[in-house]
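Here the working numbering is used: the first residue of the sequence shown is 121, the next is one more, and so on. Have a look at the structure below, then the notes.
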Amino acid sequence: MLKRLLSTLAVLGLIGATPALAQTGTLTGTVTDSETGDPVPGANVSLVDLNRGAATDVDGSYTIENVPVGTHTLRASFVGYQTYTTDVTIEANQAVTQDIELNSGAVGLDEVVVTGYGQRKTAGEVTGSVSNISNEDIEDVPAQNVESLLQGRASGVTLSATSGNPGAGFEVDIRGRGSINAGSRPLYIVDGVQVSFEQGSEVTDRSPLNALSPGDIESIQVLKDAAASAIYGSQASNGVVLIETKSGRQGDVEVSLNFEGGVRFQSRRFDLANRDQWAEINQEAFEDYPSYGFRENILPAFGYDSDTPVEELRDFRWQDWVFDPGGHSKVGFSANGGDEDTQFFLSGNITQTGGALKTKAVNYDNKSIRVNMTQQLTEDLNVELNLGLNNEEDAGVCQDGFFINCPFYQAIGEEPPISYPYNDDGSYNPNTEQAAVYNPALFLNEETRTANTTQLLGSITPTYQLTPWLSAKAKLGIDWQDAEEYDYSTPEFARSEGGVLSRRFNDVTNFTFNGTLNADYTFGDSHNVSGLLGTEYRREYEEEEETGFQGFNNSLLRVPAAASEVGFFQGFNTEYRVFSYFGRANYNYDGRYIATVTMRYDGTSRFGSDQRFGLFPSGSIGWRLSEENFFNVDAVDDLKFRVSYGVTGNSDIGNFSARGLYGIGGSYRDQVGIRPFQLANPRLSWEEKRELNVGVDWSLWSGRLTGSLNLYRSVNDELLLNRPLPTSSGFGSITENAGKVQNQGIEFDLSTVNIQTEDFRWSTRFNVSVTQNEVLDLVGDLEELNGGSVLPIAEGHSIEAWKVPIWAGVNPADGRPMWYDKDGNLTYRPTQEDRKFVNGAEEDVVGGAGTRFSYKGLSLDLFFDFSFGAQSLPFTQTTFTDPFGENVLEFVVEERWEEPGDVARYPRPAPFGIYDLLPNSEGADNPDQTSTNWLYKNNYIRLKNARIGYQMPESIMNKVGLQGARIYVSGINLLQWSPYLGIDPEVAEEDEESSYPAEQQINLGLQLDL
C-alpha cells in the first residue's frame, strides 16, 4: 500500500513539473487610460485560457512569466472601464510587450456588479435581476440626498416623497407592495453594513441614508428578484439596495474642492379666489339656506360688520405671504491617492438648506466627513476601513398626519382673502378662520420644532488570502444614531398651558458582525467555480426618553428650569437580534452556461419560540448565446438569457408582536391596574415571498445599445396580518400568518450611445416598469379589512384600491350633487353599500429617462422621471370647494351651478357643503365626501434634475496651476406636466395636507481639482 502511494505521488510530481520543463516566454506591458494616458494601477490582466494573470503596479505595469508558447486570449479589466480583450502570441524564451489602453465607462454586460457580501461579478456573469447605478450615472446629479438617486434610475423601483422638507426620505417600493401590516421598505446595505430604519426624530421623516453624501457614492446595486436577494434571507422580500462608497486608488494625491450656492422656492401655486369671488360665493351660500339657522353672512366671524361693503374688505394674498424663497449652500472637498500598500479616500461636506417658507421655519443643516482606507499589512493580509460621521439639524413644520400643524395648509387652505394674520397694533389677529390658536402666523413665529441627529456608519474588514483561490473575510460594522428633539410653543401659542416644552432623546445602535470564506477557482480551460460560506450576527438596540414641561412666564427662557411644572415623562428601550448562516455557489462553463444557488438560514428574536428559524433558498441559470461558436452575428456583443426562482422573507414587524404583553390600564380605588393587552402567538413566523423571474440582457454594436427585459411574478404568502377578534375576547386583534398578495410585471431598460465623435457625444438612458398588484387571500373567511374605509383591503383588488361612491354629476335643475347607487340609479345620498372599487393610489407604470450631451468641455445633462396609473384625493378638492369661510379655488367659482338649466362641474354652494337637511333627520347630501368626483390622476412627467457644465481647457489650467476646473448650473424639480390638482403628485394619498410640499431648486457651482 505504501509503495503504491509513493508511486502515485511521484507521478503527480512529474505531471506538476511538466510546465516548468516546457518552452515558455514572458508577457509584459502597461495599462493606461485611453483618454488621459495616465497609468491604471490595480487593473487585472489575465490570460483567460490559462487562468493566470497579474495586477498592474502603481505605474500601470504588469508582468506574467513562464507563459507557454502559443496564442492566448489576453483580457484586461478595471472598475469603471470597458473590458479589453485581444490575442497574444508567445514565443520560446522571448519577452513579448503588449500595451493596453482601457476606455472609460464599462458598458453592457462588462459592468462590474456587486452581488452581496463583497462578491463582484461582471453583469454578464449575473443570473439574477440587478439594476446597476454607476458613478458615471450619478456623479453630476444635483441630488437632494442619496435616496433620491434611486428615483427613475432603476426599473421596478418606485419612490414617493414623504415630504418636501430638505433631508426628508421616501417611501420606496421594489416591484410593488407585497405586505399589508409588515413593513414594505427595502433593505439598505452600505459598504456591507445594514442601515437601521428607526427614526430618532419626528420633526421630519428623515432619510436613513443622510449619513452619506451623494458625491461619496461609487455605485448602487438594486437586487430585485429572489435569486439576487435571497442571500439576505428573511430581510429581503422587499428587495435589497447595495451602496458602495468611493475608495482610494494608487497614484498621486488628487484633491477636489466644490462650492455651490442656490435658491429654493415653491414648485406649485394655486389660482385662488380673490376677495370679490370669495364674497360672492359665500354670500350666495348663506342667502340660499337661511332656514337652517345659519347667519345672514360670514363677515362677523372675521371681525367685520355684517353690512360691510365688499370693496372695503381686505384682499389679502395668503399664498404670497406664507411662502418665501429659501437659500442653499454647500462646501465640499475630497482627496484620494496612495501607494502600493496604502490607499485612501477622504471627503467632507457642509450643506445648509432653507425651505421656502416664511421665517425659515423649515431648515436643514448637514455636516459630514468620510474616511475610507485600505492597508496591505502583509502579502496576504489587508484591512479595509470605511467610516462616515454625520450631523444634521432639522427645523420643520407639518407634523405628519396632523394637518392643523401645517401653516402653509392653514394659510392657503383655510384662510380666506378677507382675513389677515395681524391686527393694526401688531398683535395676532384672533379673527382668522379657525380662531387664534390656528393662525398661521402663530405656527411660524411662536412654535419651534428642531432635531439634532448624529449618525456614525462604518465598518472595518480584514481579509486574509489563504490560497490564490481562497480567502477569509471578517466584517465588524455599526450604524449608531443619536437624536435630540426640541419642541417649544410659547405662552402666546399654547395659552391654556402657559407655554409647552417637550424634549426627546433617542439612541439607536445597530451592530453587525459577519465572517465569510470566499472562493474563486478555475480548472481545465473552461470551468470556473466561485462562492462563499458565511455567518452573521446582528443586534439592534433602541432607547428613548421624552419629558414635557409647561408653565413659562415668558418666551425668552426656553429651558426646563424655567417651567413651573413637569407635564409628563415617558420612555422605553427595546432590542432584537438576528443570527444567520448563508452560502452561495456559482458555476460558469466557458462564459456560456452559468448557474447560481444561494441558501440562508435565519433566526430572529421577533418571532414565536416555535418559529424563530427559517430557510430561504434560491437558484438561477443563465445562457450566454453570444458565446456559442455557432452564433456569429457581428452586431451582437453579448446576449444572455436567464431564469431564476427563490424564496425570501419579511420580518419587519414589532419586536414583541409574537408575545403576550401586559400593560397599565384602568384603576380600582385610585390604584393603577395592570392588565393583559396583547395575546401571544408562539407560531408567528416570517412572511414568505416566492418569486419567478425570466430575463434577457443584450449589448449591441460595441456597447452602443445595451438593455435588459425582465418578466416576474411573485406571491407573498403567510402575511403578518392583524386578525380582528370578537369583543368578547377582550382584545381587538391578534397578529398571525395568513393571506396572500401577488405582484407581477415587466421591466425594460435601455442605454444608447447615439452619436460619438472625437469631440461630441450624445447618450441616453431609459427604463420603464409595469406592475399589477392583487390581494389573493385574507384571514379565514374575511374578504375585506378596514371595510368602512375609503381605502379598504379586499380580495381581488390591489392593496391601495379606492372604494367610493360613483359620481353622477350635478343636477341641472337644482344644482345638487348626485351619485349612482349600487343598482345604477341616481341618488343624493350614497350609502356604504353603494361604494365600488376603482383604480387605486398605487402606480401602474413608473420609469425614468435621461440624456447627456457633451461637446469638448461643455456638457448638458437632463433627467426625467414619470409615473402613470395612480389616482389620489387632493386636499385642494375637499378643502377649496366648501365655501363656509375657507379659501376657494378660482375655477370652482367660475364653474359652479348658478341657475336652473346650468350644466356645471361643481354644485351650488352651501354652508358646510350641506344641501338638504330633512325634517326626519336622515342626514344630508354632502359633495365633500370622498367619491370619484374628487379622485384625480397623479400622472406626471417631471424634469427631476438638470445640469449644464463647462470644463475649463487644460491649457488655461496649466497656467494657473490647477488640474481642472468646472463651473455648472443645476436644478431640481424644474418642470412638471401633470393633471393632478393637489400639492404634489408624488406625495398625494390621504396625508397630503399634513406634508410639507416639494420645492424647486436652482444652483450655481464651481469644482476645482488641485
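Heads up, the beta-carbon is just placed ideally off N, CA and C, and yes, glycines get one too.
Is residue i buried or exposed, if buried means 16 or more other CB atoms sit within 10 Å of its CB?
i	result
A755	exposed
H647	exposed
D290	It should be pointed out that residue 290 corresponds to Phe in this sequence rather than to Asp. Buried, since its Cβ has 16 or more Cβ neighbours within 10 Å.
Q690	exposed
S1134	The structure shown does not extend to residue 1134, since the chain spans only 121 to 1130, so no value can be given for it.
D599	buried
G780	exposed
T498	exposed
S1041	With a pLDDT of only 33 at S1041, under 50, the local geometry of the prediction cannot be trusted, and the value read off the model is given with reservation. It counts as exposed.
T176	buried
R326	buried
I784	exposed
L1095	exposed
N801	buried
W821	exposed
S883	buried
A531	buried
Y1060	buried
A163	buried
For residue i, which three-state DSSP category applies?
i	result
R395	helix
N906	coil
I146	Per the sequence presented here, residue 146 reads as Thr, with Ile not at that position. Of the three classes helix, strand and coil, the one that applies to T146 here is strand, per DSSP.
P1049	Per the sequence presented here, residue 1049 reads as Gln, with Pro not at that position. Q1049 falls in the coil class under three-state DSSP.
I300	coil
G827	strand
L1130	coil
R550	Note on residue identity: the sequence assigns Pro, not Arg, to residue 550. Here P550 sits in coil by DSSP.
Y308	strand
L1038	Low per-residue confidence applies at L1038: pLDDT is 34, beneath 50, and the placement is therefore not dependable, though the value from the model is reported in the following sentence. Of the three classes helix, strand and coil, the one that applies to L1038 here is coil, per DSSP.
G563	With the sequence shown as reference, residue 563 is identified as Phe, and Gly is not the correct amino acid for it. Three-state DSSP puts F563 in a helix.
E894	strand
W600	strand
Q271	coil
Y1100	coil
P796	strand
Q403	helix
L759	strand
I532	helix
E81	Limits of the chain in this structure are 121 at one end and 1130 at the other, which puts residue 81 out of reach.
D817	strand
Y1116	coil
K1131	The requested residue 1131 is not part of the displayed model; the chain covers only 121 to 1130.
N959	coil
E685	strand
D325	coil
Rounded C-beta distance between residue i and residue j? I'm assuming under 8 Å.
i	j	result
Q239	N223	Not quite, the Cβ-Cβ distance comes to about 25 Å (not below 8 Å), so this is no contact.
Y701	Y721	5 Å
D869	S275	5 Å
Q1120	S579	The pair is not a contact, with the Cβ atoms about 37 Å apart (cut-off 8 Å).
V835	R795	No, V835 and R795 are not in contact; Cβ-Cβ is about 39 Å, not under 8 Å.
G977	Q1071	4 Å
A302	D772	5 Å
Query raised in the report: Within the chosen definition, does the stretch 882-901 reach the stretch 924-935 through at least 3 CB pairs nearer than 8 Å?
Result: The stretch 882-901 makes no contact with the stretch 924-935; the number of CB pairs closer than 8 Å stays below 3.
Query raised in the report: For the 8 Å Cβ check, are there 3 or more pairs between the stretch 288-306 and the stretch 526-543?
Result: At 8 Å Cβ cutoff, the stretches do not touch.
Query raised in the report: Does the stretch 737-751 come close enough to the stretch 711-727 to have 3 or more Cβ pairs within less than 8 Å?
Result: As far as the Cβ criterion goes, the stretch 737-751 touches the stretch 711-727, which means the pair count is three or higher.
Query - Segment contact flag, the stretch 507-517 with the stretch 484-497, C-beta cutoff 8 Å, min 3 pairs - result: Look at the beta carbons and you see the stretch 507-517 touching the stretch 484-497: at least three pairs across the two are nearer than 8 Å.
**Report entry** Segments of 3+ residues assigned as beta strand (DSSP E) that fall wholly inside the stretch 158-227
**Finding:** 164-167, 172-175, 181-188, 190-197, 204-210, 215-217, 220-222, all fully within the stretch 158-227.
Query raised in the report: Do the stretch 350-362 and the stretch 757-773 touch if we need at least three Cβ pairs shorter than 8 Å?
Result: Here the stretch 350-362 lies against the stretch 757-773, with 3 or more beta-carbon pairs under 8 Å apart.
Query raised in the report: Does the stretch 861-875 touch the stretch 886-894, meaning 3 or more C-beta pairs lie closer than 8 Å?
Result: Yes, since at least three Cβ pairs between the stretch 886-894 and the stretch 861-875 fall closer than 8 Å, the two stretches touch.
Report task. Inspect the CB distances between the stretch 367-382 and the stretch 397-404 and report whether three or more fall short of 8 Å. Result -> Cβ pair count under 8 Å is below three, so no.
Query raised in the report: Three or more C-beta pairs closer than 8 Å, one from the stretch 177-195 and one from the stretch 159-168: is that the case here?
Result: Inter-segment contact for the stretch 177-195 and the stretch 159-168 is present: three or more beta-carbon pairs are separated by less than 8 Å.
Query - Length-filtered (4 minimum) alpha helix (DSSP H) runs lying within the stretch 356-383 - result: Counting only runs of 4 or more, we get nothing.
Query raised in the report: Are at least three pairs of beta-carbons, each pair with one atom in the stretch 331-338 and one in the stretch 249-269, less than 8 Å apart?
Result: Enough Cβ pairs lie closer than 8 Å, so yes.
Query raised in the report: Does the stretch 873-883 touch the stretch 940-955, meaning 3 or more C-beta pairs lie closer than 8 Å?
Result: In short, these stretches do not touch, since the Cβ pair count stays below three.
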